[in-house]
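*Asks:* To start, I am sharing the structure in question, which I have written as structure tokens.
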């Protein structure tokens, strides 16, 4: 954990700490085949550093997978809410 500072590890920018809300694992975008980055909820910078350290060392994988999945589910729910609102507003426009 002591080797991670502001998302840098071993000379590579691997993690982006977004304030007190999220840490983003940038490693998936660096492979031969592009994959989206993974976002994890955090409560502090120390929390972000701990998650990054765990991910680099393959520790607490189930815990972090659940964290990531919860963020994915919340994001999908937000997208659905926006789509539903857009559909509703479009239906009001069509009634005129």
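In the working numbering, the protein residues as written are 131 to 226.
Cβ atoms here follow ideal geometry from the backbone N, Cα and C, with glycine treated the same way.
(1) Can you list the beta strand (DSSP E) stretches of 3 or more residues lying completely in the stretch 136 to 165, in chain order?
(2) Can the beta-carbon of residue 171 be found closer than 7 Å to that of residue 197?
(3) If we ignore side chains and look at the alpha-carbon of each, how far apart do residue 135 and residue 157 end up?
(4) Return helix, strand or coil for residue 221, following the three-state DSSP convention.
(5) In angstroms, rounded to a whole number, what distance separates the CA positions of residue 213 and residue 206?
*Replies:* Taking the structure as given:
(1) 145 to 148, 152 to 155
(2) On the chain shown, residue 171 is found 41 positions in, with the first residue counted as 1. On the chain shown, residue 197 is found 67 positions in, with the first residue counted as 1. Yes, the Cβ-Cβ distance between residue 171 and residue 197 is below 7 Å.
(3) Stepping through the chain shown from its first residue, residue 135 is reached at position 5. Stepping through the chain shown from its first residue, residue 157 is reached at position 27. Any answer about residue 135 is weak, because its pLDDT of 46 lies below 50 and its placement is not dependable; what the coordinates show is given next. Spanning the two alpha carbons is a distance of roughly 16 Å.
(4) The count along the chain shown starts at 1 and reaches residue 221 at position 91. Looking at residue 221 - three-state DSSP - the assignment turns out to be helix.
(5) For the purposes of this step, residue 213 is identified with residue 83 of the chain shown, where counting begins at 1. For the purposes of this step, residue 206 is identified with residue 76 of the chain shown, where counting begins at 1. Rounded to whole angstroms, residue 213 to residue 206 spans 11 Å at the Cα level.
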